[in-house]
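Working notes, structure below.
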Amino acid sequence: MARLRLPFPPAWLFMRTRFDNRARVADLAVPLLVMHGDRDTLIPISQGRAVFEAAPEPKQFHVIRGAGHNDTYLAGGREYFGVLARFCRDCVGVPSGGRPDG
219 MARLRLPFPP AWLFMRTRFD NRARVADLAV PLLVMHGDRD TLIPISQGRA
269 VFEAAPEPKQ FHVIRGAGHN DTYLAGGREY FGVLARFCRD CVGVPSGGRP
319 DG
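Heads up: the sequence shown is residues 219 to 320, going by my numbering.
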């Protein structure tokens, strides 16, 4: 991603951490939830979608309208926490409003 955001001068050459998100996410063995702000100026939404597409199922992608890079929970408010709660319930198999057995 750094190559796309910083093509010249090649600042990405001097970055200490290189992390190929798309390659790494392809090996996930757990459910994935990606929430991306539609006003993210650090990581374009197209890159968020590319990482999401590289991941195996089960996965969910949710756009938070009006959110930037680090404020999805603030901009999304109830919507954000509702999506997160449903995702967590789906992952553990708890019915909406229910409690896990045991």
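C-beta atoms are modelled at their ideal positions from N, C-alpha and C, and glycine is treated no differently.
| Any contact of the segment 271-282 with the segment 250-263, i.e. 3+ C-beta pairs under 8 Å? | The segment 271-282 vs the segment 250-263: in contact.
| Which residues DSSP lists as bridging V281, in chain order | Answer by DSSP bridge pairing, in chain order: H254.
| Which same chain residues, not among the five before or five after A272, have their C-beta less than 7 Å away from its C-beta? | The residues are R240, V243, A244.
| query | Is it buried or exposed for G311, if we count other Cβ within 10 angstroms and need 16 for buried? | reply | So G311 ends up on the exposed side.
| At what residues does the alpha helix (DSSP H) containing G261 begin and finish? | The amino acid occupying residue 261 in the given sequence is Ile; Gly does not appear at that position. I261 -> no alpha helix (DSSP H), and no H or E assigned at all.
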